[in-house]
Amino acid sequence: MEKFLKSKSAGFVLPFIATVVLFIVWELVVIIFKIPPFNLPAPTNILNALINFAPQLTVNAIRTLWTTMLGFIIAVAVGVVLGFIIGYSRAAYLTLYPLLVAFNTIPKAALVPLLAIWFGANAIPATLTAFLLAFFPIAVNVALGLDTVEPEMKDVLRALGANQVEAFQKIGWPHTLPYIFASLKIAASFAFIGTVISESVASNAGLGFLIVQATSDFNVPLAFAALLILALMGILLYGFFVLVEKKVIYWAR
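For the numbering used here, add 24 to where a residue sits in the sequence shown, where the first one is 1.
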(Lines of atoms letter the chains of each structure in order from A and count residues from 1; the text may use other names and numbers.)
(Lines give C-alpha, C1' and ligand atoms only; values in the text may rest on other atoms or scores of the structure.)
Protein backbone atom coordinates (compact mmCIF):
# COMPACT_ATOMS: atom_id res chain seq x y z
CA MET A 1 0.00 0.00 0.00
CA GLU A 2 2.83 2.38 0.86
CA LYS A 3 4.40 1.74 -2.53
CA PHE A 4 1.11 2.49 -4.30
CA LEU A 5 0.64 5.76 -2.40
CA LYS A 6 4.07 6.91 -3.59
CA SER A 7 3.35 6.02 -7.21
CA LYS A 8 2.15 8.51 -9.84
CA SER A 9 -1.05 6.55 -10.49
CA ALA A 10 -2.25 7.08 -6.91
CA GLY A 11 -2.86 10.76 -7.66
CA PHE A 12 -5.40 9.76 -10.33
CA VAL A 13 -6.86 6.51 -8.98
CA LEU A 14 -7.70 7.66 -5.45
CA PRO A 15 -9.55 10.86 -6.46
CA PHE A 16 -11.47 8.88 -9.10
CA ILE A 17 -12.54 6.26 -6.56
CA ALA A 18 -13.52 8.96 -4.06
CA THR A 19 -15.62 10.70 -6.72
CA VAL A 20 -17.41 7.48 -7.70
CA VAL A 21 -18.15 6.69 -4.05
CA LEU A 22 -19.46 10.23 -3.52
CA PHE A 23 -21.87 9.94 -6.45
CA ILE A 24 -23.07 6.50 -5.32
CA VAL A 25 -23.76 7.73 -1.78
CA TRP A 26 -25.42 10.83 -3.21
CA GLU A 27 -27.71 8.73 -5.41
CA LEU A 28 -28.64 6.43 -2.52
CA VAL A 29 -29.40 9.33 -0.17
CA VAL A 30 -31.74 10.91 -2.74
CA ILE A 31 -33.53 7.59 -3.34
CA ILE A 32 -33.80 6.55 0.33
CA PHE A 33 -35.04 9.91 1.59
CA LYS A 34 -37.11 10.58 -1.56
CA ILE A 35 -35.65 14.04 -2.08
CA PRO A 36 -37.38 15.81 -5.00
CA PRO A 37 -35.19 16.89 -7.93
CA PHE A 38 -36.01 20.58 -7.42
CA ASN A 39 -34.35 20.37 -3.99
CA LEU A 40 -31.43 18.03 -4.62
CA PRO A 41 -31.20 16.16 -7.93
CA ALA A 42 -29.62 12.74 -8.04
CA PRO A 43 -26.47 12.24 -10.15
CA THR A 44 -28.60 10.37 -12.71
CA ASN A 45 -30.86 13.43 -13.03
CA ILE A 46 -27.80 15.62 -13.54
CA LEU A 47 -26.51 13.23 -16.21
CA ASN A 48 -29.86 13.43 -18.00
CA ALA A 49 -29.66 17.22 -17.88
CA LEU A 50 -26.15 17.10 -19.34
CA ILE A 51 -27.49 15.07 -22.27
CA ASN A 52 -30.80 16.88 -22.80
CA PHE A 53 -29.36 20.40 -22.52
CA ALA A 54 -25.99 19.70 -24.16
CA PRO A 55 -26.29 22.50 -26.78
CA GLN A 56 -27.10 25.19 -24.20
CA LEU A 57 -24.43 23.94 -21.83
CA THR A 58 -21.81 23.85 -24.59
CA VAL A 59 -22.48 27.39 -25.82
CA ASN A 60 -22.48 28.88 -22.33
CA ALA A 61 -19.45 26.84 -21.23
CA ILE A 62 -17.45 28.19 -24.18
CA ARG A 63 -18.46 31.72 -23.24
CA THR A 64 -17.40 31.20 -19.62
CA LEU A 65 -14.14 29.54 -20.65
CA TRP A 66 -12.91 32.23 -23.01
CA THR A 67 -13.88 35.14 -20.76
CA THR A 68 -12.15 33.40 -17.84
CA MET A 69 -9.02 32.68 -19.84
CA LEU A 70 -8.86 36.23 -21.16
CA GLY A 71 -9.15 37.68 -17.67
CA PHE A 72 -6.66 35.12 -16.36
CA ILE A 73 -4.07 35.89 -19.04
CA ILE A 74 -4.32 39.62 -18.32
CA ALA A 75 -4.02 38.85 -14.60
CA VAL A 76 -0.86 36.81 -15.19
CA ALA A 77 0.76 39.59 -17.22
CA VAL A 78 -0.16 42.36 -14.77
CA GLY A 79 0.46 40.26 -11.66
CA VAL A 80 3.92 39.08 -12.69
CA VAL A 81 5.10 42.56 -13.71
CA LEU A 82 3.64 44.18 -10.60
CA GLY A 83 5.07 41.44 -8.38
CA PHE A 84 8.55 41.95 -9.80
CA ILE A 85 8.31 45.71 -9.30
CA ILE A 86 7.19 45.29 -5.68
CA GLY A 87 9.75 42.55 -5.01
CA TYR A 88 12.71 44.51 -6.36
CA SER A 89 11.84 48.03 -5.27
CA ARG A 90 11.48 48.94 -1.61
CA ALA A 91 9.78 52.21 -2.57
CA ALA A 92 7.27 50.34 -4.75
CA TYR A 93 6.62 47.87 -1.94
CA LEU A 94 5.90 50.61 0.59
CA THR A 95 3.74 52.51 -1.90
CA LEU A 96 1.80 49.84 -3.79
CA TYR A 97 1.48 46.86 -1.45
CA PRO A 98 -0.89 48.56 1.05
CA LEU A 99 -3.04 49.71 -1.87
CA LEU A 100 -3.19 46.16 -3.24
CA VAL A 101 -4.21 44.75 0.13
CA ALA A 102 -6.88 47.43 0.56
CA PHE A 103 -8.27 46.80 -2.92
CA ASN A 104 -8.26 43.04 -2.41
CA THR A 105 -10.46 43.39 0.70
CA ILE A 106 -13.26 44.90 -1.41
CA PRO A 107 -15.80 42.15 -2.26
CA LYS A 108 -15.64 41.83 -6.04
CA ALA A 109 -19.36 41.00 -6.16
CA ALA A 110 -19.97 44.58 -5.05
CA LEU A 111 -18.11 45.86 -8.11
CA VAL A 112 -20.09 43.82 -10.64
CA PRO A 113 -23.15 46.15 -10.74
CA LEU A 114 -20.80 49.08 -11.35
CA LEU A 115 -19.04 47.20 -14.13
CA ALA A 116 -22.44 46.43 -15.66
CA ILE A 117 -23.33 50.13 -15.64
CA TRP A 118 -20.02 51.10 -17.19
CA PHE A 119 -19.71 48.33 -19.81
CA GLY A 120 -23.16 46.75 -20.12
CA ALA A 121 -24.39 43.20 -19.59
CA ASN A 122 -21.83 41.44 -21.78
CA ALA A 123 -18.51 39.62 -21.52
CA ILE A 124 -16.48 42.63 -20.35
CA PRO A 125 -17.65 42.63 -16.68
CA ALA A 126 -16.99 38.88 -16.45
CA THR A 127 -13.50 39.28 -17.90
CA LEU A 128 -12.66 42.15 -15.57
CA THR A 129 -13.99 40.32 -12.52
CA ALA A 130 -11.90 37.27 -13.39
CA PHE A 131 -8.88 39.54 -13.72
CA LEU A 132 -9.52 41.34 -10.43
CA LEU A 133 -9.80 38.09 -8.48
CA ALA A 134 -6.82 36.39 -10.13
CA PHE A 135 -4.09 39.02 -10.29
CA PHE A 136 -3.65 39.64 -6.53
CA PRO A 137 -2.33 36.16 -5.54
CA ILE A 138 -0.01 36.21 -8.54
CA ALA A 139 1.48 39.61 -7.66
CA VAL A 140 1.85 38.72 -3.99
CA ASN A 141 3.54 35.36 -4.65
CA VAL A 142 5.96 36.81 -7.19
CA ALA A 143 6.94 39.56 -4.77
CA LEU A 144 7.29 36.99 -1.98
CA GLY A 145 9.50 34.79 -4.13
CA LEU A 146 11.88 37.64 -4.87
CA ASP A 147 11.87 38.81 -1.26
CA THR A 148 12.91 35.38 0.03
CA VAL A 149 16.07 35.16 -2.07
CA GLU A 150 18.96 34.77 0.35
CA PRO A 151 20.99 38.00 0.69
CA GLU A 152 24.18 35.94 0.72
CA MET A 153 23.49 34.71 -2.81
CA LYS A 154 23.02 38.28 -4.01
CA ASP A 155 26.25 39.34 -2.29
CA VAL A 156 28.20 36.52 -3.95
CA LEU A 157 26.97 37.50 -7.41
CA ARG A 158 27.77 41.16 -6.77
CA ALA A 159 31.25 40.16 -5.61
CA LEU A 160 31.69 38.27 -8.89
CA GLY A 161 30.73 41.40 -10.83
CA ALA A 162 27.13 40.54 -11.76
CA ASN A 163 24.76 43.42 -12.38
CA GLN A 164 21.06 43.58 -11.39
CA VAL A 165 19.85 41.93 -14.60
CA GLU A 166 22.36 39.09 -14.35
CA ALA A 167 21.49 38.54 -10.70
CA PHE A 168 17.82 38.28 -11.65
CA GLN A 169 18.60 35.76 -14.41
CA LYS A 170 20.79 33.59 -12.17
CA ILE A 171 18.88 33.56 -8.88
CA GLY A 172 15.82 35.82 -8.97
CA TRP A 173 13.89 34.15 -11.78
CA PRO A 174 14.65 30.50 -10.83
CA HIS A 175 13.88 31.20 -7.16
CA THR A 176 10.55 32.82 -8.05
CA LEU A 177 9.28 30.12 -10.44
CA PRO A 178 7.86 27.81 -7.71
CA TYR A 179 5.97 30.77 -6.26
CA ILE A 180 4.67 31.71 -9.70
CA PHE A 181 3.29 28.25 -10.39
CA ALA A 182 1.75 28.05 -6.92
CA SER A 183 -0.02 31.36 -7.57
CA LEU A 184 -1.16 30.27 -11.03
CA LYS A 185 -2.93 27.22 -9.62
CA ILE A 186 -4.71 29.38 -7.05
CA ALA A 187 -5.50 32.20 -9.47
CA ALA A 188 -7.02 29.80 -12.02
CA SER A 189 -9.75 28.85 -9.54
CA PHE A 190 -10.26 32.48 -8.54
CA ALA A 191 -10.67 33.48 -12.18
CA PHE A 192 -13.53 31.01 -12.68
CA ILE A 193 -15.15 32.22 -9.47
CA GLY A 194 -14.95 35.83 -10.65
CA THR A 195 -16.43 35.00 -14.04
CA VAL A 196 -19.39 33.12 -12.59
CA ILE A 197 -20.08 35.86 -10.04
CA SER A 198 -20.25 38.42 -12.82
CA GLU A 199 -22.26 36.20 -15.18
CA SER A 200 -24.87 35.59 -12.52
CA VAL A 201 -25.39 39.35 -12.07
CA ALA A 202 -24.41 41.18 -15.24
CA SER A 203 -24.27 38.98 -18.32
CA ASN A 204 -26.43 37.67 -21.12
CA ALA A 205 -24.60 34.35 -21.48
CA GLY A 206 -22.23 31.98 -19.67
CA LEU A 207 -22.64 29.25 -17.11
CA GLY A 208 -23.33 31.72 -14.30
CA PHE A 209 -26.15 33.22 -16.36
CA LEU A 210 -27.43 29.71 -17.16
CA ILE A 211 -27.43 28.71 -13.48
CA VAL A 212 -29.53 31.75 -12.57
CA GLN A 213 -31.97 31.03 -15.40
CA ALA A 214 -32.20 27.35 -14.48
CA THR A 215 -32.89 27.99 -10.80
CA SER A 216 -35.53 30.60 -11.63
CA ASP A 217 -37.29 27.87 -13.66
CA PHE A 218 -36.74 25.33 -10.84
CA ASN A 219 -34.61 23.30 -13.24
CA VAL A 220 -32.12 22.41 -10.52
CA PRO A 221 -30.61 19.41 -12.41
CA LEU A 222 -29.54 21.82 -15.17
CA ALA A 223 -28.00 24.16 -12.59
CA PHE A 224 -26.04 21.24 -11.10
CA ALA A 225 -24.97 20.18 -14.59
CA ALA A 226 -23.54 23.67 -15.16
CA LEU A 227 -21.76 23.50 -11.78
CA LEU A 228 -20.30 20.13 -12.73
CA ILE A 229 -18.92 21.56 -15.98
CA LEU A 230 -17.41 24.46 -14.05
CA ALA A 231 -15.71 22.05 -11.68
CA LEU A 232 -14.32 20.02 -14.59
CA MET A 233 -12.92 23.10 -16.33
CA GLY A 234 -11.30 24.26 -13.10
CA ILE A 235 -9.74 20.83 -12.51
CA LEU A 236 -8.42 20.66 -16.09
CA LEU A 237 -6.80 24.10 -15.85
CA TYR A 238 -5.31 23.25 -12.46
CA GLY A 239 -4.00 19.93 -13.82
CA PHE A 240 -2.47 21.72 -16.81
CA PHE A 241 -0.38 23.95 -14.54
CA VAL A 242 0.62 20.95 -12.42
CA LEU A 243 1.97 19.19 -15.52
CA VAL A 244 3.77 22.30 -16.77
CA GLU A 245 5.24 22.87 -13.31
CA LYS A 246 6.66 19.34 -13.23
CA LYS A 247 8.32 19.89 -16.61
CA VAL A 248 9.65 23.39 -15.99
CA ILE A 249 10.82 23.26 -12.36
CA TYR A 250 11.50 19.55 -11.94
CA TRP A 251 14.62 20.54 -9.99
CA ALA A 252 12.52 22.06 -7.21
CA ARG A 253 10.96 18.72 -6.23
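Ideal Cβ placement from N, Cα and C applies to all residues, glycine included. Keep in mind it's a predicted model, so treat the numbers as computed, not measured.
When burial is assigned at 16 or more other CB atoms within 10 Å of the CB, is glycine 144 buried or exposed? exposed
Whole-angstrom distance between alanine 229 and asparagine 146, CA atom to CA atom: 8 Å
Are the CB atoms of valine 136 and valine 225 within a distance shorter than 7 Å? yes
Nearest-angstrom beta carbon gap, leucine 234 and alanine 215 [assumed within contact, 8 Å]: Not confirmed; about 18 Å, so no contact.
Out of Gly263, Thr92, Ala211, which has the shortest C-alpha to C-alpha gap to threonine 151? Thr92
Return the first residue and the last residue of the alpha helix (DSSP H) that leucine 251 is part of. 244-272
Rounded to whole angstroms, what is the Cα-Cα separation between tryptophan 90 and glycine 185? 46 Å
Same chain, Cβ closer than 7 Å to valine 173, neighbours up to 5 away in sequence not counted: Ile195, Gly196, His199
Confirm, please, whether the CB-CB distance from leucine 261 to alanine 212 is below 7 Å. yes
Look at phenylalanine 248 and isoleucine 70 and say whether their C-beta atoms are less than 7 Å apart. yes
Please determine, among Pro122, Phe57, Val236, Ala85, the residue with the shortest C-alpha to C-alpha distance to leucine 254. Ala85
Does the separation of the CB atoms of leucine 138 and glycine 218 fall below 7 Å? no
Alpha carbon to alpha carbon, how far is isoleucine 109 from alanine 134? 29 Å
To the nearest angstrom, how far is it from the Cα of isoleucine 59 to the Cα of isoleucine 204? 45 Å
Given a cut-off of 7 Å, decide if alanine 73 and methionine 245 are closer than it, judged by their beta-carbon atoms. Rather than methionine, the amino acid found at residue 245 in this sequence is proline. It is a contact, given that the beta carbons lie within the stated cut-off.
Close Cβ partners of isoleucine 273 (< 7 Å) along its chain, the five nearest in sequence each way excluded: Leu201, Pro202, Phe205
Can you find the residues in the same chain that come closer than 8 Å, C-beta to C-beta, to leucine 46, ignoring five residues on each side of it along the sequence? none
Does the distance from the CB of valine 104 to the CB of valine 166 come in under 7 Å? yes
Quick one: using the 10 Å Cβ neighbour count with 16 as the cut-off for buried, is threonine 153 buried or exposed? buried
Is the beta carbon of valine 54 closer than 7 Å to that of alanine 66? yes
Do leucine 106 and alanine 163 come within 7 Å of each other at the CB atom, strictly closer than that value? yes
Taking all protein chains shown into account, decide if leucine 170 is buried (16 or more other Cβ within 10 angstroms of its Cβ) or exposed. buried
Indicate whether at least one CB of chain C lies closer than 7 Å to the CB of threonine 153. The displayed structure is made up of one protein chain only, and chain C is not part of it.
By how many angstroms is the C-alpha of alanine 126 removed from the C-alpha of lysine 270? 34 Å
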